[in-house]
Structures are given as C-alpha cells and as structure tokens.
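Engineer:
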Amino acid sequence: MNSSVKARVFGGGQFDVQVGNNLEFRCKNEGCGELVKFSVFDISKNHGLRCAACGKEYTLGEELVRKLDKFEKLCRAVNEADDILSDTNVGINVYSHEVRIPFRLLLTRLNTQLNLSIGGKDIQIRFRVSPTKDMPQATEKKP
Numbered sequence: 000m001n002s003s004v005k006a007r008v009f010g011g012g013q014f015d016v017q018v019g020n021n022l023e024f025r026c027k028n029e030g031c032g033e034l035v036k037f038s039v040f041d042i043s044k045n046h047g048l049r050c051a052a053c054g055k056e057y058t059l060g061e062e063l064v065r066k067l068d069k070f071e072k073l074c075r076a077v078n079e080a081d082d083i084l085s086d087t088n089v090g091i092n093v094y095s096h097e098v099r100i101p102f103r104l105l106l107t108r109l110n111t112q113l114n115l116s117i118g119g120k121d122i123q124i125r126f127r128v129s130p131t132k133d134m135p136q137a138t139e140k141k142p
C-alpha cells in the first residue's frame with residue numbers, strides 16, 4: 000500500500016511524505032507537470048528516471064546511486080533478520096531505569112529523506128519504508 004500526503008516545511012514550501020518504496024514527484028519539464036514514478040529500490044539499477052508523459056530524463060549522481068544501493072541492502076538485511084528482531088533490543092539507561100527498545104520497533108519503519116536537485120530546484124521526498132512489508136522480491140541470489 001503506497002500513499003502520499005503533503006506537508007508544510009518552515010519556509011512555507013511543501014514536500015511529499017510518502018509511504019512504501021514507490022515514490023513520485025512532478026516532472027519539471029515546462030508544460031508537463033505529470034508524476035514521475037519510481038521505486039527507491041530500482042533507481043540504483045538504472046541511474047536515472049524518465050517521465051512517461053514527455054520523455055524528460057533525470058540522471059542521478061553516482062554518490063546518490065551508491066547511497067540508495069546501500070539503503071536497499073540495509074532494508075534487505077532487516078527483512079532477512081525479521082524473525083530475530085523481536086528477541087533483540089537496545090537498552091537505554093534513563094536515570095535509574097533501563098528502557099529496552101526492541102530492534103523490531105527501531106528498524107521496521109525507516110524514515111528517510113531523498114534530496115534531489117532538478118532543474119535548479121531542490122526537491123525533498125520524505126518517505127517511510129517498512130523493510131518487513133515493502134521489499135520487492137529478490138531477483139536472484141548470488142553465491
């Protein structure tokens with residue numbers, strides 16, 4: 000299930016808060032404005048995006064592609080460890096009390112912000128991925 004809501008930032012602008020790995024932004028090509036849709040997990044494989052309506056291409060920098068690849072690997076690792084996440088926790092000492100927070104709670108809702116610069120305009124896409132629910136199937140396991 001993928002959803003999106005508009006949120007206000009301090010400067011008065013808007014950014015998208017989206018849930019799931021399928022994200023979108025408005026095409027910046029003059030006169031277009033259609034939604035450019037992509038999966039955060041597929042973006043690192045093709046190093047770019049294309050507007051289906053007008054054909055405008057959006058190229059991603061190598062650093063962003065590398066980070067998105069690492070993000071996908073992190074999500075896959077959390078997904079694979081799902082069965083032990085409830086049994087392990089982080090202990091935090093607050094005054095004389097110890098609070099134990101299960102890794103399942105910490106790692107199953109990864110709030111992330113993707114910063115893009117498109118046509119000289121900065122776009123922030125905030126999204127939340129639940130690695131135990133939003134992962135596409137692995138295409139092939141390498142030995």
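Residue 114 in our numbering sits at position 115 of the sequence shown; the count goes up by one each step and never skips.
Cβ atoms here follow ideal geometry from the backbone N, Cα and C, with glycine treated the same way.
#1: Can you tell me whether D133 is buried or exposed? The criterion is at least 16 other CB atoms within 10 Å of its CB, across all chains shown.
#2: With distance defined between alpha-carbon atoms, name the residue in G90, S116 and F70 nearest to S38.
#3: I need the boundaries of the beta strand (DSSP E) containing N28, first residue and last residue.
#4: Taking Cβ positions, are L59 and G47 nearer each other than 8 Å?
#5: Can you look up E33 in the DSSP assignment and give me helix, strand or coil?
#6: Report the CB separation of N78 from T111 in whole angstroms; it is logged as a contact under 8 Å.
#7: Buried or exposed: where does N20 fall if 16 or more other Cβ atoms within 10 Å of its Cβ makes it buried?
#8: Comparing alpha-carbon positions, which option in A51, R103, V18 and D41 lies nearest L34?
#9: From the DSSP output, in three-state form, read off K66 for me.
#10: By Cβ distance, which residues of its chain are closer than 7 Å to R108, with the 5 residues on each side in sequence left out?
#11: CA-CA distance, D86 and F102?
#12: Whose C-beta lies closer than 8 Å to the C-beta of S116 among residues of the same chain, with five residues either side of it excluded?
#13: Quick check: what's the CA-CA separation for F54 versus H96?
Structural biologist: Let me lay it out:
#1: The residue is buried, with at least 16 neighbouring Cβ atoms inside 10 Å.
#2: Cα-wise, what sits closest to S38 is F70.
#3: Taken as a continuous stretch (DSSP letters only), N28 belongs to no beta strand (DSSP E), as it is neither H nor E.
#4: In this structure, G47 lies closer than 8 Å to L59 by Cβ.
#5: In the three-state reduction of the DSSP assignment, E33 falls in the coil class.
#6: Wrong, their Cβ atoms sit about 15 Å apart, outside the cutoff.
#7: So N20 ends up on the buried side.
#8: Ranking A51, R103, V18 and D41 by CA distance to the CA of L34 puts A51 first.
#9: In the three-state reduction of the DSSP assignment, K66 falls in the helix class.
#10: Leaving aside the five residues that flank R108 on each side, the residues in its chain whose CB is nearer than 7 Å to its CB run, in chain order, R127 and S129.
#11: Put simply, the backbone Cα of D86 is about 8 Å away from that of F102.
#12: Closer than 8 Å at the Cβ level, and outside the excluded window around S116, lie I122.
#13: The residue you asked about is not Phe; residue 54 is Gly in the sequence shown. G54 and H96: Cα-Cα distance of roughly 58 Å.
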